[in-house]
Amino acid sequence: MKLPRVLGLAALASLLACAPAARRPVAANASAPRWFGSTALPPGNVLRFNLGAEPETYDPDLAVGQPDGRVARMLFEGLTREDPQTLEPLPGEAYRWEISGDGRTYTFHLRPGIRWTDGRPVTAEDFRWSWIRLLEPKTTSRYASFLFAVTNAEAFNKGDVKDERAVGLAAPDDSTLIVRLDQPVPYFLYLCQFYSCLPVPRRTVERFGNRWTLPANIVGNGAFTLTYWRQNNRFEFAKNPAYWDAASVHLDRVVGYTIDDLNTSFNLYKAGVIDWCPSGYFPSSFIPYVRGYADYHHGDYQGVYFYTMCVKRPPIDNVWVRRALNAAVDREAIAQDLLKGSRRAWGDFVPTGYPGYENPPGLRFDPAYARQCLTRAGYPGGKGFPRGISILINTSEDNRRIAEAVQAMWKRELGIDVAIQNEEWGSYLQTVTALKYDVARRSWLGDYLDPNTFLACYVTGDGNNRSGWGDPRYDAMIRAAAKELDAKRRFAILRGAEALLLADGPVIPVYHYSTNELVKPYVRGIYQTPLDVHPLTHVWIDRDWRRGPPPVASASPPAPRSKAITRRAAAREKVR
Amino acid sequence: MNVATFLLRRLLIMIPTLWVIATLTFFLVHAAPGGPFQAERDIPAAAKAQLMKTYGLDRPLHEQYVSFLTHAARLDFGPSYKFPQRQVREIIAEAFPVSLELGGWALLIAILIGVPIGVIAAVRQNSSLDYAAMATALAGVSVPNFVLGPVLVLGLALTLFVLPPALWEGPQSRILPVLTLSTAYVAYIARLTRGGMLEVLGQDYIRTARAKGLPESRVVGKHALRLGILPVVSYLGPATARVIMGSVVVESIFSVPGLGRYLVNAAFNRDYTLVLGLVLFYASFLLLLNLAIDVAYTRLDPRVELA
Chain A
1122 MKLPRVLGLA ALASLLACAP AARRPVAANA SAPRWFGSTA LPPGNVLRFN LGAEPETYDP
1182 DLAVGQPDGR VARMLFEGLT REDPQTLEPL PGEAYRWEIS GDGRTYTFHL RPGIRWTDGR
1242 PVTAEDFRWS WIRLLEPKTT SRYASFLFAV TNAEAFNKGD VKDERAVGLA APDDSTLIVR
1302 LDQPVPYFLY LCQFYSCLPV PRRTVERFGN RWTLPANIVG NGAFTLTYWR QNNRFEFAKN
1362 PAYWDAASVH LDRVVGYTID DLNTSFNLYK AGVIDWCPSG YFPSSFIPYV RGYADYHHGD
1422 YQGVYFYTMC VKRPPIDNVW VRRALNAAVD REAIAQDLLK GSRRAWGDFV PTGYPGYENP
1482 PGLRFDPAYA RQCLTRAGYP GGKGFPRGIS ILINTSEDNR RIAEAVQAMW KRELGIDVAI
1542 QNEEWGSYLQ TVTALKYDVA RRSWLGDYLD PNTFLACYVT GDGNNRSGWG DPRYDAMIRA
1602 AAKELDAKRR FAILRGAEAL LLADGPVIPV YHYSTNELVK PYVRGIYQTP LDVHPLTHVW
1662 IDRDWRRGPP PVASASPPAP RSKAITRRAA AREKVR
Chain B
-16 MNVATFLLRR LLIMIPTLWV IATLTFFLVH AAPGGPFQAE RDIPAAAKAQ LMKTYGLDRP
44 LHEQYVSFLT HAARLDFGPS YKFPQRQVRE IIAEAFPVSL ELGGWALLIA ILIGVPIGVI
104 AAVRQNSSLD YAAMATALAG VSVPNFVLGP VLVLGLALTL FVLPPALWEG PQSRILPVLT
164 LSTAYVAYIA RLTRGGMLEV LGQDYIRTAR AKGLPESRVV GKHALRLGIL PVVSYLGPAT
224 ARVIMGSVVV ESIFSVPGLG RYLVNAAFNR DYTLVLGLVL FYASFLLLLN LAIDVAYTRL
284 DPRVELA
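Next comes the structure, spelled out in structure tokens:
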């Protein structure tokens, strides 16, 4: 009695899993693009998409995750704003700026006539106050470190400096903001558009406390305003007529549903209830099925899936053991066979896509070398290798499959036995932070377009290090790079640091993240970006989409661009 | 004992029961590894200390416990840790009506369909009708929501395009989740009704009723059903509480903004205040429902007395 029922369930489950493939229509014309599911136009100038998991907050100073940032970026605009294709900083609330010769003083000039949605002007003081709020210890921001380059900002955040006037921020008049940095930060303009650095309306914040972001209270300066919010259901935004660039905002309304179930998100896209299913919001096992459709977009995403090794515990405290484990991992097999090519095997720690940065040669699968290393560590052929070593993963089907593959590779190539230990997210974080693991799955996503967003994690004692590893040479290189003005020399130093991290450090890179998203053909202006950030300011609904793409791809205002970046953008365009 | 005294006594007993539940939950949730303020990205020590201070988590556990109890007594659970701009109370007030609607429809359908099926099956015991009804019921009980939901979506929403695949917007969006949620209850209630009815139909007073010439519809519909339905009534207490407090599976599949998802996610997020608020809300609801069922019993079966 029991067996047939189980079989029935399995059959049902596999039926469900195959559903997208089974329903694939046969194309009449092989060259015509095929679209996945409904292509019925939305009613009116509205974009409906899956915003992802429910944001914890969208107060820019407290926001922590991608969904949080998505909402914050729609409601507020920083000094700079992203180019929708390259994410390069374009003039936002500041219409021009000057950078001093030593790269340490930025003078921003605010656009005349910019206003909050309550009619008050947006002033330089608003920015200064917002950034001080981000830094203030009592705000409890998790991203205060984004502004640590500003003079005295770190000391102010730690409570060592009490006087906010000591922080290198000044607003001599309503339209001028002067920022002084301790060191030149080549990516500072990128930070200005990160959601933590968006301005917040002082009066509203002071009046409503932590309830200032509720739709009834909130005041913004971005392209859209918040008109409706229901937790675990949706956000509704309307075009902000007072926005300085309102003339080029084409959407009247945006609806961001907060759907955390990936299958549900996929179903809603197929049925045409949502027009855009951003990366990560449909099951990765469906990628092979949707690959043939023209609304599937795929690109590199600035994130790396890796294994971290806790160097405080034997035998992994031995660098030769770490090298052996590293060289015995067959990344290609994981990416191609296990994940069906939906990810790219990656042997470096810093992902690709940073303008001007070249990774050192990545780690390669080399069983012979792995065995040599293990012999040098004193465990020839795995003999005498301690038992009870385990790979810690947080509960997920993909994590388990990858861990099983790695477990098998280490057994096959090195003759060592490791266990797999599975914990739910909260316990897993606790275990990793407390360094109570041997090997653990981790991932890291970049925040801005610079290798520093990755490499700074492994400075000795950094809160994101979580491996116990530290090397004075490495720390010195990261410090030296921070002081280096010349981009080429700076990248050379960082490249050296990355090479050192790969050779001696606690990381086993596995794969490079990719963006996998579904965009309906009538949605124009959503591009692949390495940070998976998509400004919706210039997105529009093309009611004539069947006649082909419009002559001008982007409606964003022209901006000065460096040649290198233009070339890169062109190259990316071609790849797509 | 009259009804008022009975109610008062039972309500008073609820207080220590809730206290025990609150205490157990409080210490269990604090014993879980990790805490509410941890993330993949490290939180600076200063920010973390400030957060702990803001929420009183830096104080000794017994102090936190006392503070929690005194606030909970006034139905104040404080702000959610995960969604700091919202009070636990507000979250419950917003999500509960949704779960109530979804669960209410599901329960109504379960009773309206389940009871007649059970009665017919009992009256036609061992007929092919009975076998068909009970086989269907067995299937209904056996198919879990996470299979039934996606199958319904695949068939009705993605193949026939007659219903929305998910979301809680407009009357059509109610159909699939209610159907998914109610199926198991329809089946279970049908089985319970059949069992109860079979037992009652063999009793003397039914024979008496038939002997005095009452039409069969009246014998079954009035005299037998009144007692035959008692197992269903006692099952309805916990079932109502469960179905109305939200089903995390159905709410996830159909993206329904109800209470069920909050409870599960709050536990994963170590959102202490939200977990405690939801557990106590659920517990009070369940206790009240059981009380209501006990009172209903006395109305249906004159032999049962309040005690």
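Protein chains in written order, with the working numbering: chain A, 1122 to 1697; chain B, -16 to 290.
Glycine included, every Cβ here is placed at the ideal spot set by N, Cα and C.
Count the other C-beta atoms from every protein chain shown that fall within 10 angstroms of the C-beta of Ser200(B), then say buried if there are 16 or more, exposed otherwise. Ser200(B) counts as exposed, since fewer than 16 other beta carbons sit within 10 angstroms of its beta carbon.
Within chain B, partners of Lys1391(A) - CB distance below 8 Å: Simply Leu141, Pro148.
In chain B, which residues lie less than 8 Å from Arg1562(A) when you measure between Cβ atoms? The premise fails here: Arg1562(A) is roughly 11 Å from chain B at the closest Cβ pair, so nothing lies under 8 Å.
Reference Ser165(B), options Gly178(B), Gly179(B), Ser125(B), closest by Cα: Of the listed residues, the one whose Cα sits closest to Ser165(B) is Ser125(B).
Chain B partners of Gly1462(A), CB-CB under 8 Å? Those do not exist, as Gly1462(A) stays about 26 Å from chain B at its closest Cβ, beyond 8 Å.
Would you list the one or two residues that DSSP bridges to Thr1297(A)? Answer is His1230(A), Asp1294(A), bridged to Thr1297(A).
So, helix, strand or coil for His1371(A), using DSSP? Of the three classes helix, strand and coil, the one that applies to His1371(A) here is coil, per DSSP.
Beta-carbon separation of Phe1575(A) and Val1471(A) under 8 Å? Their beta carbons are under 8 Å apart, which means Phe1575(A) touches Val1471(A) by this criterion.
Among Val183(B), Leu162(B), Phe10(B), Leu137(B), which one has its Cα closest to the Cα of Gly101(B)? The shortest C-alpha to C-alpha distance from Gly101(B) to any of Val183(B), Leu162(B), Phe10(B), Leu137(B) is the one to Val183(B).
Looking at Gly1477(A) and Phe1612(A), is the spacing between their C-beta atoms short of 8 Å? Against a cut-off of 8 Å, the Cβ pair of Gly1477(A) and Phe1612(A) comes out as a contact.
Looking at C-alpha atoms only, which residue of Ala22(B), Glu23(B), Ser50(B) is the closest neighbour of Thr256(B)? Comparing alpha carbon positions, the residue from Ala22(B), Glu23(B), Ser50(B) closest to Thr256(B) is Ser50(B).
With 16 other CB atoms within 10 Å as the buried threshold, where does Tyr1179(A) fall? By the neighbour-count rule (16 or more Cβ atoms within 10 Å), Tyr1179(A) is buried.
Beta carbon proximity, Ser1588(A) to chain C, threshold 8 Å: The structure shown has no chain C; the protein chains it does contain are A and B.
Please go through the same chain and pick out, in chain order, the residues whose beta-carbon is closer than 6 Å to the beta-carbon of Arg1145(A), but skip the five residues on each side of it. Below a pLDDT of 50, predicted positions are generally treated as unreliable, and Arg1145(A), at 42, falls in that range; no measurement from the model is reported.
Answer yes or no: do Val1243(A) and Trp1237(A) have a C-beta to C-beta separation smaller than 8 Å? In contact: Val1243(A) and Trp1237(A) (Cβ atoms closer than 8 Å).
Tell me which residue opens and which closes the alpha helix (DSSP H) that Asp1092(A) is part of. Residue 1092(A) lies beyond the residue range present for chain A, which begins at 1122 and ends at 1697; the question has no answer from this structure.
Nearest-angstrom Cα distance between Arg1693(A) and Asn1637(A)? Confidence in Arg1693(A) is poor, its pLDDT being 41 and thus under 50, which makes the residue's placement too unreliable to answer from.
Quick check: the Cα distance between Ser1317(A) and Val1370(A), rounded to an integer number of angstroms? When only Cα atoms are considered, Ser1317(A) and Val1370(A) end up about 23 Å apart.
When you compare the CB positions of Arg253(B) and Pro27(B), do they come within less than 8 Å of one another, or not? Taking 8 Å as the Cβ cut-off, Arg253(B) and Pro27(B) do not qualify as a contacting pair.
Taking all protein chains shown into account, decide if Thr223(B) is buried (16 or more other Cβ within 10 angstroms of its Cβ) or exposed. When all chains shown are included, Thr223(B) counts as buried.
For Leu219(B), which option in Thr53(B), Ala192(B), Tyr171(B) has the closest C-alpha, if you only look at C-alpha atoms? That would be Tyr171(B), whose Cα lies nearest to the Cα of Leu219(B).
Exposed or buried, what is His45(B) when buried is set at 16 or more other beta-carbons lying within 10 Å of its beta-carbon? Of the other Cβ atoms in all chains shown, fewer than 16 fall within 10 Å of the Cβ of His45(B); this residue is therefore exposed.
Going by the DSSP bridge assignment, what does Asn1331(A) pair with across the sheet? Answer is none; Asn1331(A) lacks a bridge partner.
With 9 Å as the limit, tell me which residues of the region 222 to 241 of chain B have their beta carbon closer than that to any beta carbon of chain A; keep them in chain order. Only those residues of the region 222 to 241 of chain B whose C-beta falls short of 9 Å from the nearest C-beta of chain A are listed: Glu234, Ser235, Ile236, Phe237, Ser238, Val239, Pro240, Gly241.
State the CB to CB distance for the pair Thr1272(A) and Leu1302(A), rounded to an integer number of angstroms; the pair is presumed to be in contact (CB under 8 Å). The Cβ separation is near 7 Å, so the contact holds.
For Gly1420(A), three-class secondary structure by DSSP: If DSSP states are grouped into helix, strand and coil, Gly1420(A) belongs with the strands.
Inter-residue CB distance, Ile1455(A) and Val1631(A) (contact presumed, cutoff 8 Å): With a contact defined as Cβ atoms closer than 8 Å, Ile1455(A) and Val1631(A) qualify at about 6 Å.
What's the gap between the Cα of Glu1479(A) and the Cα of Val1425(A)? So the two alpha carbons sit approximately 16 Å from each other.
DSSP state of Pro1188(A) mapped onto helix, strand, coil: Looking at Pro1188(A) - three-state DSSP - the assignment turns out to be helix.
In chain order, what residues of the same chain lie with their CB nearer than 7 Å to the CB of Ala(-13)(B), ignoring the 5 residues before and after it? Within the same chain, no Cβ atom closer than 7 Å to the Cβ of Ala(-13)(B) is found once the five residues on either side in sequence are excluded.
Can you grab the Cα-Cα spacing for the pair Leu1644(A) / Pro1572(A), in whole Å? The residue asked about is misnamed: residue 1644(A) is Val in this sequence, not Leu. Answer to the nearest angstrom: the Cα atoms are 32 Å apart.
Can you tell me where the beta strand (DSSP E) with Lys1360(A) in it begins and where it stops? Taken as a continuous stretch (DSSP letters only), the beta strand (DSSP E) holding Lys1360(A) covers 1355 to 1360.
Can you have a look at Glu288(B) and say buried or exposed, based on whether 16 or more other CB atoms are within 10 angstroms of its CB? Glu288(B) is classed as exposed because its beta carbon has fewer than 16 other beta carbons within 10 Å across all chains shown.
Identify the continuous beta strand (DSSP E) that holds Trp1156(A) and give its terminal residues. Premise fails: Trp1156(A) is in no beta strand (DSSP E) and is neither H nor E.
With three or more beta-carbon pairs closer than 8 Å as the criterion, would you say the region 1374 to 1391 of chain A touches the region 224 to 243 of chain B? Judged by Cβ distances under 8 Å, the region 1374 to 1391 of chain A makes contact with the region 224 to 243 of chain B, as three or more pairs qualify.
Cα-Cα, which of Ala1415(A), Leu1459(A), Leu1570(A), Trp1565(A) is closest to Ala1524(A)? Closest option to Ala1524(A), Cα to Cα, is Leu1459(A).
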